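Below is one structure, written out as structure tokens; comments come after it.
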Amino acid sequence: MTNPFESERAEFLAVVNNEGQYSLWPSFADVPQGWEITFGPAARQGCLDFIASNWTDMRPKSLISSMEQSDA
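First residue of the sequence shown: 36, per our numbering; consecutive thereafter.
And the structure:
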């Protein structure tokens, strides 16, 4: 059985949660609660490229906010 996240032939979505964290998601599956589609459906590599160019800070938004408040 092939892992649906590794299929080069399937279509995927780029999804993001409220913390600004991105994920690759198979287009045939329901998007989990708390996540929204930001790109796709598209080829796996296209979605990975989108995620790489848009997820530039791996820290969750809540951590960024906390760190900014600590610096103030």
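A virtual CB, placed ideally from N, CA and C, is assigned to each residue, including glycine. If you're wondering where the values come from, they're calculated on a predicted model, not measured in any experiment.
Pair within 9 Å by beta-carbon distance, residue i and residue j
i	j	result
E43	Q80	yes
DSSP three-state assignment for residue i, whether helix, strand or coil
i	result
A78	strand
N53	coil
F85	helix
E103	helix
N97	Reading off the sequence shown, one finds Ser at residue 97, where the question assumed Asn. Of the three classes helix, strand and coil, the one that applies to S97 here is helix, per DSSP.
CB contact check: residue i to chain C, cutoff 9 Å
i	result
Q68	Absent here is chain C; the protein component of the structure consists of one chain.
Close Cβ partners of residue i (< 6 Å) along its chain, the five nearest in sequence each way excluded
i	result
W90	Y57
P39	P61
Close Cβ partners of residue i (< 7 Å) along its chain, the five nearest in sequence each way excluded
i	result
N53	G69
C82	F47, L48, A49, L59, F74 and G75
A77	E46 and F47
Which listed residue (the options) has its alpha carbon closest to that of residue i
i	options	result
D65	D106, A87 and L48	L48
Same chain, Cβ closer than 8 Å to residue i, neighbours up to 5 away in sequence not counted
i	result
S97	E54
P95	E54, G55 and Q56
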